[in-house]
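Peer 1: Position one of the sequence shown corresponds to residue 99 (my numbering), numbered consecutively onward. C-beta: ideal position from N, C-alpha, C; glycine also. Fair warning: this is a prediction, and the values are worked out from it, not measured in the lab.
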Amino acid sequence: MKIAIVGTGYVGLVTGTCFAEAGHHVICVDSDSRKVNMLQAGGMPIYEPGLEELVKKNVSAGRLAFTPSTQEGVEKSQIIFIAVPTPPLPDGGVDLSFMEGVAREIAATMTSYKIVVDKSTVPVRTGEKVAETIKRYNKAKVEFDVVSNPEFLREGFAVEDFMHPDRVVVGLASRRAEAAMREVYAPFKAPIIVTDINSAELIKHAANSFLALKISYINAISLICEASGANVQEVANGIGMDTRIGRQFLDASLGFGGSCFPKDLSAFIKIAEQLGYDFALLKEVQRINTLQLDRFMKKISDTLWVVKDKRIGVLGLAFKQNTDDVRMSPAIELCQRLIKEGAKLRVHDPKAAEKAKAILGDAVTYVPRMDDVALDCDALVVATEWPEFKKLDLEKARKSMTHPILFDGRNMFDPAEMERLGFIYKSIGR
Ligand code: UDX
Numbered sequence: 099m100k101i102a103i104v105g106t107g108y109v110g111l112v113t114g115t116c117f118a119e120a121g122h123h124v125i126c127v128d129s130d131s132r133k134v135n136m137l138q139a140g141g142m143p144i145y146e147p148g149l150e151e152l153v154k155k156n157v158s159a160g161r162l163a164f165t166p167s168t169q170e171g172v173e174k175s176q177i178i179f180i181a182v183p184t185p186p187l188p189d190g191g192v193d194l195s196f197m198e199g200v201a202r203e204i205a206a207t208m209t210s211y212k213i214v215v216d217k218s219t220v221p222v223r224t225g226e227k228v229a230e231t232i233k234r235y236n237k238a239k240v241e242f243d244v245v246s247n248p249e250f251l252r253e254g255f256a257v258e259d260f261m262h263p264d265r266v267v268v269g270l271a272s273r274r275a276e277a278a279m280r281e282v283y284a285p286f287k288a289p290i291i292v293t294d295i296n297s298a299e300l301i302k303h304a305a306n307s308f309l310a311l312k313i314s315y316i317n318a319i320s321l322i323c324e325a326s327g328a329n330v331q332e333v334a335n336g337i338g339m340d341t342r343i344g345r346q347f348l349d350a351s352l353g354f355g356g357s358c359f360p361k362d363l364s365a366f367i368k369i370a371e372q373l374g375y376d377f378a379l380l381k382e383v384q385r386i387n388t389l390q391l392d393r394f395m396k397k398i399s400d401t402l403w404v405v406k407d408k409r410i411g412v413l414g415l416a417f418k419q420n421t422d423d424v425r426m427s428p429a430i431e432l433c434q435r436l437i438k439e440g441a442k443l444r445v446h447d448p449k450a451a452e453k454a455k456a457i458l459g460d461a462v463t464y465v466p467r468m469d470d471v472a473l474d475c476d477a478l479v480v481a482t483e484w485p486e487f488k489k490l491d492l493e494k495a496r497k498s499m500t501h502p503i504l505f506d507g508r509n510m511f512d513p514a515e516m517e518r519l520g521f522i523y524k525s526i527g528r
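(1) If we require 3 or more residues per run, which beta strand (DSSP E) segments fall completely within the region 389 to 449?
(2) Of the residues C475, G355, F521, which one's Cα is nearest the Cα of M499?
(3) Pop quiz: I313 and F347 are said to be a contact at Cβ under 8 Å. What is the actual Cβ separation, rounded to whole angstroms?
(4) Distance, Cα to Cα, F359 vs K442?
(5) Classify L379 as helix, strand or coil using the three-state DSSP reduction.
(6) Quick one: is K494 buried, meaning 16 or more other Cβ sit within 10 Å of its Cβ, or exposed?
(7) Only counting runs of 3 or more residues, tell me where the beta strand (DSSP E) segments fall wholly within the region 107 to 188, in order along the chain.
(8) Is the Cβ-Cβ distance between A530 and P285 less than 8 Å?
(9) For the putative contact between V104 and I178, defined by C-beta atoms under 8 Å, what is the C-beta separation to the nearest angstrom?
(10) Within 10 Å of its beta-carbon, does S175 have 16 or more other beta-carbons around it, so buried, or fewer, so exposed?
(11) Identify every residue that forms a DSSP beta bridge with V292.
(12) Determine the closest residue to S364 out of N156, E170, G190, with distance taken between C-alpha atoms.
(13) Who are the Cβ neighbours of E276 in its own chain at under 8 Å, not counting the five residues just before and after it?
(14) Within the 8 Å Cβ cut-off, does S195 reach chain B?
(15) Would you say the region 249 to 256 touches the region 227 to 234, given that touching needs at least three Cβ pairs under 8 Å?
(16) Please identify the residue among V112, Q384, A334 whose C-alpha is closest to the C-alpha of R345.
(17) Can you give me the C-alpha to C-alpha distance between H123 and N247, rounded to a whole angstrom?
(18) Helix, strand or coil for K217? Go by DSSP, reduced to three states.
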């Protein structure tokens, strides 16, 4: 099929590339011409495992192209996916101005039947607004359908998630649109759930809020574990074996971050409020998440007594493993708090150091090699769950430190083993 994707951020670029890989003809549109030039020249604006290879392969096969012109995208395609940012407003609501702008551009340029698919995360009833906007600004009064098709990609696993989804959700109101959407997703061999547009939009916020709730639940349990001498990992394994609960998203941590969960939670709370419901449960999810970082900071200051002028090594800056994304990263927030307390930080991240520099600047020392982070440090902190941190030479790290104290915000190491190696080891809920 001929598909346009408007917006080449994480979601748009992965979506377009994976559709091309599935055999469709895709044109990706972005108003940022520098980004378009970069992609046309074979560069990548983001790090996402496996993506670069797929972009190169599909560009050479002639199934994937990039343009700064929405008009060109609209003219060349029957289906137009909108994957633009929907950033938070100061009151927790959602800024839909990019969405509206693209809907207007599509309306102004379309001359034949089009299916306009919203892939961005939006409040329930946005589809109705998009349809109204297109109707209002399309002078030719051509037919169109609006579809909601939320994404469930995890950064760092986005290509894998897109190619092998648990399910595909499409919200629509016409048979014609349904047939087209089934054809688009036929190569992916995933169950397709067809709903009305409002339900599809709600599924996205309900899913992300539930996953955040699961993390806050286990983080609250981690507090009880610490107070009672239980082990949160044992508890998570014990409850996770119940298939009604499931083990995933039950890893206690210094809190969830990223561009989705914090934003989607605030948005969902605001949407509920506008619909007349006080979603206190989700407010508590947010409170527990903030508390988790506060508690971790307290653990560090209680152990070090005075944080000022302490040399602290920090492993991890990204909001989670396998990504260079530092948006709403608990690791970055931790660094900022430690800097504020006067600590001298030596930081390392396998991919996110460049993006972290834009926030932390010269306030920290960036260490290119993981094994050098601990040098002369009074303490070491694990802030992101990069799997390679498990391979850290702990013996060498201990010897190179002034004091062998390790704060593990991701429960990556075994407490008994750490004790055997001579570390003072503090983790979460164990
Ligand atoms: C999430 C959703 O998983 C995805 O479906 C949606 O489309 C976008 O938002 P993402 O933000 O990429 O994806 O990351 P995810 O893997 O869900 O992790 C979110 C945060 O939760 C990270 O900070 C991670 O470290 C944290 N986390 C995750 C935990 O603290 N404990 C866990 O058990 C799982």
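Peer 2: So, to answer that:
(1) 409 to 413, 442 to 446
(2) C475
(3) 6 Å
(4) 30 Å
(5) helix
(6) exposed
(7) 123 to 127, 162 to 165, 177 to 180
(8) No information on residue 530 is available, as it lies outside the stretch 99 to 528 that the chain covers here.
(9) 6 Å
(10) buried
(11) V268
(12) G190
(13) V268, L270, V292
(14) Among the chains of the structure shown, chain B does not appear; only one protein chain is present.
(15) no
(16) A334
(17) 19 Å
(18) coil
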